[in-house]
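Position one of the sequence shown corresponds to residue 1 (full-length UniProt numbering), numbered consecutively onward. Taking it in order: structure first as structure tokens, then the write-up.
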Amino acid sequence: AIAGIHESLERLHVWEVERLKEQADMAGKDSAFLERTALCMKSGKPVMHTRDRLGLSIDYWQVKRRVAGKASKLEEQKTWSLLVECAPLPAMVFPPLRVSQNWISTDIQKVNPPVEDAMFLDGPILDWLEPDNTLLPSSEPAKPDAMEGIEQASNQKVPEVMFVAKFDPPLIVPMGLAMQIYNSTSAVLDMSQLSTFDGLMFPYGPNEPTEPSEARTIKTETTVPTFDKNGEKSTQIHRNTLLIDKIDYGRNLTDLPFSHPRQLVEMLPALRQYVFLSTVLQKTFGASSKPPSKETSPTKSKKDEFAEFMAQIGAPRRSFRMDVHLTTQPLLKLRVAFPFKRRVADVTFEIKLNGVVDVASQNLFNEEKNPGEAKGLKAADLGRMLEITEDLGIWAEFVRRRLEG
């Protein structure tokens, strides 16, 4: 059954890579880049028996996805996957697995899709198929509580097994998205244990208040590599503050029953949003960071903090302060502020499906009124640079070097 899913998804993956070769922006790209683009932007990449695991993995994200490099090095990059396994079917409350190699047609794309599909779906309309139910020989009489739509003759039965996708690694998403994902596969979401999204991503410390109704502030210190105009490398201390003032509940996705690979493929764009978010936030506020040093964290008034924030200008070797405001609803946004040219830089990123970063607003330069101020950059370039670096600290240093110099 799992081999059949692999064959169907591999057929889809090969087709998507071939379509990418036809795009003008992919001209001259090597096969490794095309494969990685399909992995991270399309229907993922199915692989069997990889990374010391037996069975099928659907790889759907990889760090440094926009950075070119040798294939051997790219294979070592951290990868997010869905592991496809089988599990006992609990009391016939979920569709049993089906054994088939034809989950999608050989043409892959629908030739004449219905008008409603063309209106609401962006991109090619995939020609998914519904394989027949798999029936096994049985010596037992037909069960009176058989699922509707599955006929069981007296000498046949459906497998008492279902497909399960395991998130590798587990992924933290807002509760609203978790509910959508579970509903899409008709799975039941356990609501007995509720946690906040930020509490799951950044577990509370032993002395930290845990009231979910209150805004939360996380302060860290990181060491960020920088390069001067001559290419000489040095480091810069960043003092970072993360503000979460709109509390959202979350869920750590670990495993999910499903009945059709289409269900997994269709959730990948939303999963990538939060893989990218977690990657970016963990670089600055996660385990690799450290609490602010004592000399930088005395109790101060808001007025004193703002004065210190602005006083960094003209003192490049002092620690650099960056404030980040996280919003998950109704849109996933990161608002970044830091001292810049005797004012406060204020850039708001919207993280969209597939981890695409759009710049919702920015005050670094005005492309129309003062093109020279942008030094060849456009607002969209700021988003692409965050996609490339996957690190707010490195992104901020790029902006300072490019625009302040």
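Heads up, the beta-carbon is just placed ideally off N, CA and C, and yes, glycines get one too. This one's a predicted model, so the numbers in the text were calculated from it and none came from an experiment.
| Asked | Found |
| --- | --- |
| Buried versus exposed, by CB contacts within 10 Å (16 or more), A345 | buried |
| Same chain, Cβ closer than 7 Å to H6, five either side skipped, listed in chain order | P46, M48 and L56 |
| Contact set for T327: own chain, Cβ-Cβ below 7 Å, skip 5 residues either direction | K246 and K333 |
| F202 in three-state terms, based on DSSP | coil |
| As assigned by DSSP and simplified to three states, the class of L54 | coil |
| For E397 and K378, the rounded distance between their alpha carbons | 17 Å |
| Through-space distance from Y60 to L382, alpha-carbon basis | 24 Å |
| Y204 classed as buried or exposed, judged by whether at least 16 other C-beta atoms fall within 10 angstroms | exposed |
| Backbone secondary structure at G355 - three-state DSSP | helix |
| Burial state of V133 (16 or more Cβ within 10 Å) | A quick correction: the sequence has Asn, not Val, at residue 133. It is buried - the Cβ of N133 has at least 16 other Cβ atoms within 10 Å. |
| Cβ-based burial, P316 [other Cβ within 10 Å; buried from 16] | In this predicted model, P316 has a pLDDT of only 47, less than 50, meaning its place in the structure is not dependable; the value taken from the coordinates is given anyway. Classification for P316: exposed. |
| Residues bridged to Q282 (per DSSP) | In the DSSP output, where bridge partners are listed per residue, Q282 has none listed. |
| When L277, V67 and T79 are compared against R51, the one with the closest alpha-carbon | T79 |
| Bridge partner(s) assigned by DSSP for N252 | I172 |
| Nearest-angstrom Cα separation, counted from I58 out to S297 | Only weak support exists for where S297 lies, its pLDDT of 45 falling under 50; the coordinates are left without a value. |
| V265 CB to nearest heavy atom of the ligand GDP below 8 Å | Absence of the ligand GDP from the depicted structure is noted, as is the absence of any ligand whatsoever, leaving it without description. |
| Own chain residues within Cβ distance below 6 Å of G314, not counting five before or after | For G314, the predicted model reports a pLDDT of 45, less than 50, meaning its position is unreliable; a value from the coordinates is still stated below. So the list is empty, once near-sequence residues are dropped. |
| Cβ contact check for the segment 250-257 and the segment 170-190: 3 or more pairs under 8 Å | yes |
| Under the three-state DSSP convention, the category H13 falls into | helix |
| CB of V347 within 9 Å of CB of V336, strictly | yes |
| CA nearest to the CA of N230, picked from K42, R402 and L12 | R402 |
| Neighbourhood of Q329 by C-beta, 6 Å cutoff - its chain only, sequence neighbours within 5 removed | D248 |
| Span separating the alpha-carbon of A1 from that of R272 | 27 Å |
| N-terminal and C-terminal residue of the alpha helix (DSSP H) that W395 is part of | L392 to E404 |
| Nearest-angstrom beta carbon gap, S278 and T220 [assumed within contact, 8 Å] | 15 Å between Cβ atoms; not a contact. |
| Residues near F285 by beta carbon distance below 7 Å, same chain, minus five either side | F202, I218, T220, N240 and L242 |
| Backbone secondary structure at S288 - three-state DSSP | coil |
| Continuous beta strand (DSSP E) stretch holding A380: start and end | It is not in any beta strand (DSSP E) - A380 instead sits in the alpha helix (DSSP H) that spans A379 to T389. |
| R66 versus A91: straight-line alpha-carbon distance, rounded | 45 Å |
| Straight-line gap, E232 to K283 (C-alpha atoms, nearest Å) | 23 Å |
| Nearest-angstrom Cα separation, counted from N207 out to S43 | 43 Å |
| F197 vs P170 beta-carbon contact at 9 Å | no |
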